[in-house]
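Structure first, commentary second.
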Amino acid sequence: MTTRFLPTEWRDYALLDSGHGKRLERFGELTLVRPDPFALWKPSGDPRAWTRADATFEPTGRTHGKWRSAPGTPTRWPLRYRSDALDLTFGLEMTKFKHVGLFPEQADNWEFLAANL
C-alpha cells in the first residue's frame, strides 16, 4: 500500500502554470519562470501571466544559466511556511543553476517529520 501526501499548507508558494518545458511559480511575492524538462504539455493558464513574471531563468549551458529580471527585483528574499506543526522561514536566492534553494514539493516530508519525531 502506498500512502500519498499532498501539500496543503503552502500560502507563500504556488505552481501557477506549466508547459512547453517550463514552470510558472510564485515564491512569496515573486513570480518566476524556470525550466522543467518534464513539463511537456501545453500551458493551460493565461499566456500574459508568463510575460508578467518578475524573473525568468535562461539556460546558457547544460547545467547553468542566468536570470533575467525586472528592475528592482531582489535576488534574495525570505519565504515562510506555516502550518499547525511548523513555522519555517527560508532564505531564497536565484542561483545560476535555476534553483532558489527550496524544493516546495518537500513540504509533506517536513510535516511527516514534525508529526513523527
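Residue numbers for the sequence shown follow the working numbering, so the first one is 14 and each next one is one higher.
Built from N, CA and C at the ideal position, the CB exists for glycine as well.
Since the structure is predicted, the reported quantities are computational estimates derived from the model, not experimental observations.
Starting from the C-beta of D67, find all residues in its chain whose C-beta is less than 7 Å away, skip the five residues before and the five after it, and write them out in chain order. Indexing the sequence shown from 1 puts residue 67 at position 54. Same-chain partners within the cutoff: L43, T44, L45, S82, A83 and T86.
Are D30 and P72 close, meaning C-beta to C-beta below 7 Å? If you number the sequence shown from 1, residue 30 lands on position 17. If you number the sequence shown from 1, residue 72 lands on position 59. Going by C-beta atoms, D30 is not nearer than 7 Å to P72.
Using alpha carbons as the reference points, say which of F40, D59, S96 and H112 lies closest to F70. By 1-based counting over the sequence shown, the position of residue 70 is 57. Here the closest residue by C-alpha is H112.
Whole-number beta carbon distance between R93 and T102, since they are thought to touch under 8 Å: As a position in the sequence shown, residue 102 is number 89, starting the count at 1. As a position in the sequence shown, residue 93 is number 80, starting the count at 1. So it is a contact: roughly 5 Å between Cβ atoms.
May I have the straight-line CA-CA distance separating F110 from D25, to the nearest angstrom? On the sequence shown, residue 110 is found 97 positions in, with the first residue counted as 1. On the sequence shown, residue 25 is found 12 positions in, with the first residue counted as 1. So the alpha carbons of these two residues sit roughly 22 Å apart.
Cβ neighbours of P91 in the same chain (closer than 8 Å, five flanking residues each side left out): Stepping through the sequence shown from its first residue, residue 91 is reached at position 78. Answer for P91: G41, T102, F103, G104 and L105, listed in chain order.
Consult DSSP for T147 and reduce its assignment to one of helix, strand or coil. Since the first residue shown for the chain is 14 and the last is 130, residue 147 is missing from the structure and cannot be characterised.
Three-state secondary structure (DSSP) of A62: The residue labelled residue 62 in the question sits at position 49 within the sequence shown. Of the three classes helix, strand and coil, the one that applies to A62 here is helix, per DSSP.
So, for A27: in the same chain, excluding its five sequence neighbours on each side, which residues have a beta-carbon less than 6 Å away from its beta-carbon? Your numbering for residue 27 matches position 14 in the sequence shown. Around A27: R39.
Buried or exposed: which applies to R75, given that a residue is buried once 16 or more other Cβ atoms fall within 10 Å of its Cβ? The residue you call residue 75 lines up with position 62 of the sequence shown. Exposed, because fewer than 16 other Cβ atoms sit within 10 Å of the Cβ of R75.
Helix, strand or coil at P117 according to DSSP, with G and I counted as helix: Along the sequence shown, one-based indexing puts residue 117 at 104. It is helical.
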